[in-house]
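**Q** Residue numbers (our numbering), protein chains in the order written: chain V, 582 to 720; chain R, 3 to 559. Attaching a single structure in structure tokens format; questions to follow.
Structure, rendered in structure tokens:
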């Protein structure tokens, strides 16, 4: 049973701001950049729309990781939505740390032009989680 | 609930890595799904007819279209729903092309991912409610930032069409870089003449206001009614514009960033711009030896400018040509990587200069050392793989285009995005090449990437045409994705009021409740994520919509 769980593809839920990161993901798609199929996005108008409850819900329901991604600080379409996100996610990370699952949550800034950065970030996160999981399996 | 799912093959784009037949059969087993079809091109005329017929025949109340990314063809499908008497906000687009078939090669994995994505759409769309688009009045006026060729040509077009135009230029006179050019490709005309021609067309027009030596200090509002504060020499001026065209041009590359070129140290090392200005003032010997360097500040990863600046090859060739015309027995050597003489007639001109005796050497230049007798150019010939050193009387650097100096300022003021090279980014490189992601703000000219004068004028006019089409109606519809308050749940804690950046949430002292000022709400959803009692929601992105989307994405298939 446990083997089933580890052999299964890792699943990562990403909350992507529709002005920057979601656009970057579209661009990554049209440039035919490859990234793991376990990465799935939820489109939100601004990264500040992400209620910490969404992140917790994703993890509770079985996602191996969750990330919140938005525009670079200072570039927010809604003026300073991403500053709120930064504070909120920092607090949430503290909480995740207390349950030793700090690695399951990431926050990154990807602008609409940075398709490559988007792919690097999600692939990096995916592979790290996969490695951790496989290491756990052998022990 | 009667949901119709339409899965697009997009020719082979989706079909070759996603098992579309499996998808359409899979979704037939859901009780809430009435129709589940796959079709080669859903956006084609017959594809649209199929959807329309299905809506009418089965009385569908949710439509899910799994095809390209939501930002493509969104309006097309919204119109389709409207034509079928269905509220366009009951449409859900699922991006199985950009987010699924194009990012993986494994058919099984992609099909599974596509199932999850469509399921997310299916679950979340069950919470959708019909929404009304709000009609707003649009001010028929345009703010044009930048008075170079592209800004001027946009201003000429818009003013001729009867639109109020505010033209803002940072410098004391209009014209940008074009004014300084003496010899414009391919006609050899003086740049000042082109600018004066355009200025003449603007003169005396009542609907044009030109602000020179002016910068923008603040910018707010939304499409149709942007408000900008201009800092003119006479003081502040507040204007209201329906739309904006950003045409702030470029900055010439500063060769001092590359110290090995010794630019600025010796006056025998000049740029193509300097050459334009001072061709007659150069004190050259009778039979001068001249070196011309291509790609200075272009196609150079080390200084973060990997792009081709397009205009500098033709500039370099023109310098070579001018020198050869003036000094028949001169020695002109051109050091290039590739010659990309891209505009019309460029290749023929390249051949002409070769016939005139200009020597072309494919090379990498290592350094330039000014000496007492001449300037030493040291580099590697990349065709013969050998090092060389040669002395010249003059070195001309063909400089490329860098992003405009004010790119960061304008992008943060107007909330528009820069691309990886720090030029302005268009909304879609092929389908919306003049728009930015913000409605009513357009870009024109070299501020969206290197362009020559002809292209800049074209770009300016095209943006002006697009903007005219946006503003001409006098009204527009805005997306109804705004916040609303559930009075029964609101406890009056005022957390959302503190969080709201747009100051759209107002507190009612007597009822001890908050309410949303719809006109001011930007629809970011920050209040929704902040409210401790879930009393405030964002239309279109309600909590249960996103919750169900998450559940669909992670639940076992």
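Cβ coordinates follow ideal geometry from the N, Cα and C atoms, glycine included.
Per DSSP, which one or two residues make a beta bridge with residue 403 of chain R?
**A** Translated into positions along the second chain, residue 403 of chain R becomes position 401. Per DSSP, R:254.
**Q** Are there 16 or more other CB atoms within 10 angstroms of the CB of residue 1 of chain R, so buried, or fewer, so exposed?
**A** Nothing about residue 1 of chain R can be read from this structure; chain R reaches only from 3 to 559.
**Q** Since residue 265 of chain R sits in a beta bridge, which residues does DSSP pair it with?
**A** If you number the second chain from 1, residue 265 of chain R lands on position 263. The partner list for residue 265 of chain R (beta bridge, DSSP) reads R:268.
**Q** If you draw a straight line from the C-alpha of residue 649 of chain V to the C-alpha of residue 172 of chain R, how long is it?
**A** Here residue 649 of chain V corresponds to residue number 68 of the first chain, with the count starting at 1. Here residue 172 of chain R corresponds to residue number 170 of the second chain, with the count starting at 1. Distance between the alpha carbons of residue 649 of chain V and residue 172 of chain R is about 39 Å.
**Q** Which residues bound the beta strand (DSSP E) around residue 624 of chain V?
**A** Sequence index remark: in the first chain, residue 624 of chain V carries index 43 (1-based). Start and end: 620 to 625.
**Q** Would you check if the distance between the CB atom of residue 98 of chain R and the CB atom of residue 7 of chain R is smaller than 7 Å?
**A** The residue you call residue 98 of chain R lines up with position 96 of the second chain. The residue you call residue 7 of chain R lines up with position 5 of the second chain. No, they are not a contact pair.
**Q** Using 10 angstroms around the beta-carbon of residue 409 of chain R, count the other beta-carbons present and answer buried if the total reaches 16, otherwise exposed.
**A** Taking the second chain and counting its residues from 1, one reaches residue 409 of chain R at position 407. Classification of residue 409 of chain R: buried, given that the 10 Å Cβ count is 16 or more.
**Q** Might you give, ordered along the chain, the residues of its own chain that have their beta carbon closer than 7 Å to the beta carbon of residue 344 of chain R, omitting 5 neighbours on each side?
**A** By 1-based counting over the second chain, the position of residue 344 of chain R is 342. Counting only Cβ-Cβ distances below 7 Å, and skipping sequence neighbours, we find 312.
**Q** Give me, in chain order, the residues of the same chain whose beta-carbon lies closer than 7 Å to that of residue 365 of chain R; leave out the 5 immediate sequence neighbours on both sides.
**A** Within the second chain, residue 365 of chain R is the residue found at index 363, counting from 1. So the qualifying residues of the chain are 337, 381, 382, 383, 384.
**Q** Checking contacts by CB at 7 Å: is residue 665 of chain V closer than that to chain C?
**A** Of the protein chains in this structure, namely V and R, none is chain C.
**Q** Quick one: what does DSSP say residue 543 of chain R is sitting in, helix, strand or coil?
**A** Numbered from its first residue, the second chain carries residue 543 of chain R at position 541. Residue state, collapsed to three classes: coil.
**Q** Taking a cut of 8 Å between CB atoms, which residues from the segment 414 to 434 of chain R lie near chain V?
**A** Answer set for the segment 414 to 434 of chain R: 414, 417, 419, 420, 421, 422, 427.
**Q** With 7 Å as the threshold, decide whether the Cβ of residue 659 of chain V is near any Cβ in chain R.
**A** Within the first chain, numbered from 1, the residue matching residue 659 of chain V stands at position 78. Output row for residue 659 of chain V: interface = yes.
**Q** Are the segment 486 to 499 of chain R and the segment 445 to 452 of chain R touching by the rule of at least three beta carbon pairs closer than 8 Å?
**A** Flag = no, the segment 486 to 499 of chain R and the segment 445 to 452 of chain R do not touch.
**Q** Does the beta carbon of residue 628 of chain V sit closer than 7 Å to a beta carbon anywhere in chain R?
**A** The count along the first chain starts at 1 and reaches residue 628 of chain V at position 47. No, residue 628 of chain V does not count as interfacial toward chain R.
**Q** Cβ of residue 146 of chain R within 7 Å of Cβ of residue 177 of chain R?
**A** Indexing the second chain from 1 puts residue 146 of chain R at position 144. Indexing the second chain from 1 puts residue 177 of chain R at position 175. No. Outside cutoff.
**Q** Measure the alpha-carbon distance for residue 320 of chain R versus residue 357 of chain R and round it to whole angstroms.
**A** Residue 320 of chain R sits at position 318 when you count from the first residue of the second chain. Residue 357 of chain R sits at position 355 when you count from the first residue of the second chain. So the alpha carbons of these two residues sit roughly 14 Å apart.
**Q** Taking the alpha carbon of residue 549 of chain R as the point to measure from, which residue in V:615, V:609, V:640 has its own alpha carbon closest?
**A** For the purposes of this step, residue 549 of chain R is identified with residue 547 of the second chain, where counting begins at 1. Residue 549 of chain R has its Cα closest to that of V:640, out of V:615, V:609, V:640.
**Q** If you reduce the DSSP assignment to three classes, tell me which class residue 584 of chain V lands in.
**A** Translated into positions along the first chain, residue 584 of chain V becomes position 3. Any reading at residue 584 of chain V must be qualified, since the residue scores a pLDDT of 44, below 50, and its modelled position is unreliable; no value is offered.
**Q** At 7 Å on the CB atoms, spell out the chain R contacts of residue 639 of chain V, in chain order.
**A** Position 58 of the first chain, counted from the start, is the residue given in the question as residue 639 of chain V. What residue 639 of chain V touches in chain R: 552, 556.
**Q** Looking at the C-beta of residue 642 of chain V, does it have a partner C-beta in chain R at a distance below 7 Å?
**A** Working through the first chain from its first residue, we reach residue 642 of chain V at position 61. Yes, because at least one Cβ of chain R sits closer than 7 Å to the Cβ of residue 642 of chain V.
**Q** Would a C-beta distance cut-off of 7 Å place residue 249 of chain R and residue 152 of chain R closer than the cut-off?
**A** For the purposes of this step, residue 249 of chain R is taken as the residue at position 247 of the second chain. For the purposes of this step, residue 152 of chain R is taken as the residue at position 150 of the second chain. In contact: residue 249 of chain R and residue 152 of chain R (Cβ atoms closer than 7 Å).
**Q** Mind listing the chain R neighbours of residue 592 of chain V? Cutoff is C-beta to C-beta under 8 Å, in chain order.
**A** Locating residue 592 of chain V in the first chain gives position 11, counting from the first residue. Result: 555, 556.
**Q** Measuring only between beta-carbons, confirm whether residue 187 of chain R sits less than 7 Å from chain V.
**A** Here residue 187 of chain R corresponds to residue number 185 of the second chain, with the count starting at 1. So no, residue 187 of chain R is outside the interface.
**Q** According to DSSP, residue 27 of chain R sits in a beta bridge with which residue or residues?
**A** The count along the second chain starts at 1 and reaches residue 27 of chain R at position 25. According to DSSP, residue 27 of chain R bridges with nothing at all.
**Q** Note the first and the last residue of the continuous beta strand (DSSP E) segment covering residue 598 of chain V.
**A** The residue labelled residue 598 of chain V in the question sits at position 17 within the first chain. 593 to 598 is the extent of the beta strand (DSSP E) around residue 598 of chain V.
**Q** Here's the rule: buried if 16 or more other CB atoms are within 10 angstroms of the residue's CB, otherwise exposed. What is residue 407 of chain R?
**A** Stepping through the second chain from its first residue, residue 407 of chain R is reached at position 405. It counts as exposed.
**Q** Within the segment 314 to 338 of chain R, note down every full beta strand (DSSP E) run reaching 3 residues or more, in order along the chain.
**A** Runs found: 333 to 338.
**Q** Check residue 521 of chain R in the structure and name its three-state DSSP category.
**A** For the purposes of this step, residue 521 of chain R is identified with residue 519 of the second chain, where counting begins at 1. The answer is coil: DSSP assigns residue 521 of chain R none of H, G, I, E or B.
**Q** With H, G and I counted as helix, E and B as strand and the rest as coil, what does DSSP make of residue 125 of chain R?
**A** On the second chain, position 123 is the one that residue 125 of chain R refers to. Residue 125 of chain R: helix per DSSP, three-state reduction.
**Q** At 8 Å on the CB atoms, spell out the chain R contacts of residue 655 of chain V, in chain order.
**A** Translated into the one-based positions of the first chain, residue 655 of chain V becomes position 74. Chain R residues near residue 655 of chain V: 414.
**Q** Assuming residue 630 of chain V and residue 526 of chain R form a contact by the criterion Cβ under 8 Å, report the distance between their Cβ atoms to the nearest whole angstrom.
**A** Along the first chain, read from residue 1 onward, the residue named residue 630 of chain V stands at position 49. Along the second chain, read from residue 1 onward, the residue named residue 526 of chain R stands at position 524. Right, the Cβ-Cβ distance comes to about 6 Å (below 8 Å), so this counts as a contact.
**Q** Check whether chain R comes within 7 Å of residue 524 of chain V, counting only Cβ atoms and requiring the distance to be less than that.
**A** Given that chain V is displayed from residue 582 to residue 720, the structure contains no residue 524 of chain V and the question cannot be resolved.
**Q** Report back the beta-carbon spacing between residue 262 of chain R and residue 368 of chain R to the nearest angstrom; my notes put them in contact at under 8 Å.
**A** As a first step, residue 262 of chain R must be located in the second chain, where it is residue number 260. As a first step, residue 368 of chain R must be located in the second chain, where it is residue number 366. Residue 262 of chain R to residue 368 of chain R, Cβ: 7 Å. Contact.
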